[in-house]
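Structure record follows, encoded as structure tokens.
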Amino acid sequence: MELYSTNNTASRVSFKDAVFNSMPQDKGLYMPVTIPRLDDKFINHLDEYTLPEIAFHVAQNLLGDSIPADDLKAIIYDAINFYAPIVPLEKDVYVLELFHGPSLAFKDFGARFMSRVMSYFLEEGEKQLDVLVATSGDTGGAVALGFLGVPNTRVTILYPKGKVSDIQELQLTTNGQNIRALEINGTFDDCQALVKQAFTDKDLNEKFRLTSANSINIARLIPQTFYYFNAYAQLLKQGKNKVVFSVPSGNFGNIGAGLLAWKMGLPIEQFIAATNANDTVPAFLKSGVYQPKPSVATLSNAMDVGNPSNWVRIADMFKDDMNKLKGMITGFSYDDTETLAAIKQVDKDYNYVVCPHTAIAWQALKDWKKLHPDSEASGVFLATAHPCKFPDVFPDNIAEKINVPQQVKSLEEKDKQSVILGKEFDEFKHYLLANQ
Ligand SMILES: *Cc1c(COP(=O)(O)O)cnc(C)c1O
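Each step along the sequence shown adds one to the number in numbering that gives the first Met the number 0, with nothing skipped, and position 142 is 141.
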């Protein structure tokens, strides 16, 4: 597999370099030079394969000889070791549950695959890889659990003190081994600024082999295509072969992966981009003007993004025909009042509890269906996180219905380990140098 930068389509890097660089020097994003079309025989018989089998086939077609087949298979069977079922809620409405991984959010797919790929490419005797990650909640947990125990790697998580939920904090601070958590007296933006400055600091770069684990890394995007194929496989089993996906979107990595799956031949009729009040993309789809803006805080905070970093990838996929993009994606956005109303409606209609991000995707699917009463497609909305991660959002009568998974209960018995730091770069740098 070769990749180019969206800012220089003539450039070429290997998959390994794209994974370790994360972002090209020219600040574009890496895209595959060729997006292979999977043969119809595979697509039409997807229902005969398991999730890891599908994942392996898709990855092998994309990656080519970047990772030999046996090694790739081992990586995938180790990384994708949890399920992603579609659950029927009413006629032609399914929820795709992506929260059965260790951190209870879909980011486990990307983080687990990326960590294993990075570890694979680290050659024997090479310097330890130091992963720095700033998180507002979900990313840190997925990255920590993705790298936990992975040889020759160490993860340093920076999170804003007092600004993540209790469960998220436990996921960040109870790992030990090669994971350490820094509680920053500041905001998420302060955490991100510290990480960014570390990457440009000469002393730190001499001492450490630093890398980032954020969502623009191509190794996080690729594994997110797997569950779109697998959802379609499950629909085929039920005799359905038409589908629309509704995707709760923030940085637009998830829906970007869906579009990649579509480009690889998965017959998806329509994508619904569902956002909260941070509606840069739905506004663009309506007006044709792409106008990034500062993010505003909402109940669905993992989607509080005013300038979605993966949008350039989507624009790149449609660079020859922007009208086609508008035909393929419909945008909807909802404020917090509508989000809460959707949570209550889903509980009332199906006795099912959705996290605030997922609620937005459900509402968007319902509104799309209203506009397309004759569509024969099955609607699948993506449940991106388990509701137990956002306990403060729900009214009591709904909160008490949430089944807290065993892994969370055992987290509550563990001790929190973190180091509290101010938001000054010197303090952070001193900590890193003093704790090699
Ligand atoms: C990260 C996240 C999103 C947004 O996904 P993008 O790929 O950034 O669009 C949605 N829901 C949850 C729960 C998340 O953690």
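Note that the Cβ used here is the ideal one computed from N, Cα and C, for glycine as well.
- For residue 194, the enclosing alpha helix (DSSP H) covers residues 187-198.
- The count of Cβ pairs closer than 8 Å, one atom from the region 54-64 and one from the region 213-227, reaches three, so the stretches are in contact.
- Under DSSP, residue 133 forms a beta bridge with 157.
- Minimum Cα-Cα distance from residue 106 among the listed residues 31, 10, 213 and 49 corresponds to 213.
- By a beta-carbon distance limit of 8 Å, residue 361 contacts residue 341. Their separation comes to about 6 Å.
- Taking the C-beta atoms as reference points, residue 66 is found nearer than 8 Å to residue 119.
- As the crow flies, the alpha-carbon of residue 337 is around 22 Å from that of residue 253.
- Secondary structure of residue 219 (DSSP, three-state): helix.
- Residue 388 is classed as buried because its beta carbon has at least 16 other beta carbons within 10 Å across all chains shown.
- Under the DSSP definition of a beta bridge, residue 31 partners with 2.
- Leaving aside the five residues that flank residue 323 on each side, the residues in its chain whose CB is nearer than 6 Å to its CB run, in chain order, 317.
- Taken through DSSP and simplified to helix, strand or coil, residue 435 comes out as coil.
- DSSP places residue 355 inside the alpha helix (DSSP H), whose first and last residues are 355-370.
- Rounded to whole angstroms, the gap between the alpha carbons of residue 79 and residue 259 is 19 Å.
- According to DSSP, residue 87 shares a beta bridge with 93.
- Within the same chain, 159, 183 and 422 come within 8 Å of residue 189 by CB-CB distance, once the 5 residues on both sides are set aside.
- At least one heavy atom of ligand 1 lies closer than 7 Å to the C-beta of residue 106.
- No Cβ-Cβ contact shorter than 8 Å links residue 7 with residue 26.
- Put simply, the region 270-280 touches the region 300-319. At least three CB pairs are less than 8 Å apart.
- Just measuring C-alpha positions, the residue of 416, 265 and 357 sitting nearest residue 339 is 357.
- Closer than 7 Å to some heavy atom of ligand 1: that describes the Cβ of residue 250.
- In the DSSP assignment, residue 247 falls within the beta strand (DSSP E) that extends over 242-247.
- One Cα belongs to residue 203, the other to residue 86, and the distance between them is close to 48 Å.
- Under the criterion of beta carbons closer than 8 Å, residue 416 and residue 180 qualify as touching, at roughly 7 Å.
- Relative to ligand 1, residue 99 has its C-beta separated by 7 Å or more from all heavy atoms.
- In the DSSP assignment, residue 329 falls within the unbroken beta strand (DSSP E) covering 328-332.
- Annotation: residue 250 to residue 173 spans about 27 Å, alpha carbon to alpha carbon.
- Between residue 156 and residue 132, the CB-CB gap stays under 8 Å.
- Annotation: the region 282-334 contains the following complete segments of the alpha helix (DSSP H) (minimum length 4 residues), in chain order: 310-316 and 321-327.
- Contact annotation: residue 210 and residue 130 have beta-carbon atoms nearer than 8 Å.
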